[in-house]
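Visitor: Residue numbers (our numbering): 26 to 408. Idealized CB from N, CA, C, for every residue including glycine. Since the model is a prediction, treat every value here as computed from it, not as a measurement. First the structure, which I've put down as structure tokens, then a few questions once you've had a look.
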């Protein structure tokens, strides 16, 4: 370590890899590599999860939404195992111990309104989907959807919903000493420097992994698909709702998840689906007006007129899959840099597997000595 005009420059550290970007993709990659014996650090320029991760709804997709056209798809089959993988981890019995993560809902639901075609509703009851979808009877309606005017067919999906900030806290508790947040990152060949305040750390590594979401554009071509999500503060009497609402098409008209508020008498209803995709081309005011109209039409027995609405803009960064929307994780190789996109939060463990498969065996010796970083900082939900 050297001191130069009150600035502290720490001795260089030799690593197998440096991970740039502290969203859920980078954290799973960090855990995967450490467990495999690699010497690795994760660097994040702000707080963990501050990009797309903390703006996600926390749904662990198993591909059901990809099958909404009424037939199984390759994408649905490739990721159908993910809810089971996550459940094992959440129970403390899987590859990663996520047992301290808070689960908001054990299952997401699907509400097929009467206007939905019989072809799609028939498919949900078919043998092809029986292991992923459970048909619910009237007495089994999901929480918040038991009103007698709530008509249609209801299905329970094998897709848990997680408190994403709690998930980030789990990784910090287990791997925080390998994470440096709120740092300025510079690159010089195989050297990466990270400066936080008056301290600078220098890392030498043969491989870099970039999981920086929108920041991946500095290393590889990508595509951005914007969304404008909406959240509304609702009284607790509205209930905890976790549902895809399907009406006339195979795309969810509305996807609702429920989250805790900082106020004891209310919940946050977080709204995605087709509403958020339409909202990407609208102003915040028009998106809110659309959300109010959709909620009033779907829940006519509830009064949303005096509630507080806000919007959240998300630029979903994705790899380019032959000009199409990717359905699975993607990796682009740029010299010694692997640029990675998980595509969905639920797919982050898949991406970690693929990144590990691209690496040679660990080259650096594991030692007990490690830089003492300041505590890693976790970001906050938009609300």
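For residue 313, report the span of its alpha helix (DSSP H) as first-last.
Guide: Start and end: 309–323.
Visitor: So, helix, strand or coil for residue 202, using DSSP?
Guide: Residue 202: helix per DSSP, three-state reduction.
Visitor: Using DSSP with H/G/I as helix, E/B as strand and the rest coil, what is residue 213?
Guide: It is a strand residue.
Visitor: I'd like the ranges of any beta strand (DSSP E) spanning at least 3 consecutive residues and lying wholly in the stretch 352–386.
Guide: Whole beta strand (DSSP E) segments, 3+ residues: 355–359, 362–366.
Visitor: What number of angstroms, rounded off, separates the C-alpha of residue 428 from the C-alpha of residue 128?
Guide: What the structure shows of the chain is the stretch from 26 to 408, and residue 428 is not part of that stretch, so it cannot be assessed.
Visitor: Counting Cβ pairs, one atom from each stretch, are 3 or more of them under 8 Å apart for the stretch 57–74 and the stretch 202–219?
Guide: Contact holds: three or more Cβ-Cβ distances are below 8 Å.
Visitor: Would you mind working out which of 213, 242, 361, 269 sits nearest residue 232, comparing C-alpha positions?
Guide: Minimum Cα distance to residue 232 is reached at 361.
Visitor: If we require 3 or more residues per run, which beta strand (DSSP E) segments fall completely within the stretch 213–262?
Guide: Counting whole runs of 3 or more residues, the stretch 213–262 contains the beta strand (DSSP E) stretches 216–221, 224–235, 248–260.
Visitor: By how many angstroms is the C-alpha of residue 245 removed from the C-alpha of residue 372?
Guide: One C-alpha to the other measures close to 20 Å.
Visitor: Do the CB positions of residue 193 and residue 403 come within less than 8 Å of each other?
Guide: For residue 193 and residue 403, yes; Cβs fall inside 8 Å.
Visitor: From the DSSP output, in three-state form, read off residue 75 for me.
Guide: Correct three-state label for residue 75: coil.
Visitor: Can you give the beta carbon distance from residue 130 to residue 185, rounded, assuming they're within the 8 Å contact cut?
Guide: Sure, about 6 Å apart at Cβ, within 8 Å.
Visitor: Determine whether the beta carbon atoms of residue 376 and residue 367 lie at a separation below 8 Å.
Guide: In this structure, residue 367 lies closer than 8 Å to residue 376 by Cβ.
Visitor: Which residue comes first and which comes last in the alpha helix (DSSP H) that contains residue 49?
Guide: Per DSSP, residue 49 belongs to the alpha helix (DSSP H) from 49–60.
Visitor: Tell me whether residue 295, by its Cβ, gets closer than 7 Å to a heavy atom of the ligand MG.
Guide: The model on display carries no ligand, and the ligand MG is accordingly not part of it.
Visitor: Say whether the stretch 156–170 touches the stretch 260–270, bearing in mind that this needs 3 or more beta-carbon pairs closer than 8 Å, one atom from each stretch.
Guide: Taking 8 Å as the limit for Cβ pairs, the verdict is that the stretch 260–270 does touch the stretch 156–170.
Visitor: Excluding the 5 residues preceding and the 5 following residue 396 in the sequence, name in chain order all residues of the same chain whose CB lies nearer than 7 Å to its CB.
Guide: Excluding sequence neighbours, residue 396 sits near 35, 38, 226.
Visitor: Throw me the rounded Cβ distance for the residue 380 and residue 356 pair, which I believe falls under 8 Å.
Guide: Right, the Cβ-Cβ distance comes to about 7 Å (below 8 Å), so this counts as a contact.
Visitor: Specify, as a first and last residue, the run of the alpha helix (DSSP H) that residue 335 falls within.
Guide: Element bounds for residue 335: not the alpha helix (DSSP H) but the beta strand (DSSP E), 334–343.
Visitor: Which of the three DSSP states, helix, strand or coil, is assigned to residue 164?
Guide: Three-state result, residue 164: helix.
Visitor: When the Cα of residue 347 is compared with those of 53, 55, 85, 248, which residue comes out closest?
Guide: The residue with the shortest Cα to Cα distance from residue 347 is 248.
Visitor: Mapping the DSSP letters down to three states, classify residue 297 as helix, strand or coil.
Guide: Strand.
Visitor: Closest by CA to residue 230, which one among 389, 207, 256?
Guide: Taking only the C-alpha atoms, the option nearest residue 230 is 389.
Visitor: What residues are listed by DSSP as bridge partners for residue 179?
Guide: Answer is 136, 161.
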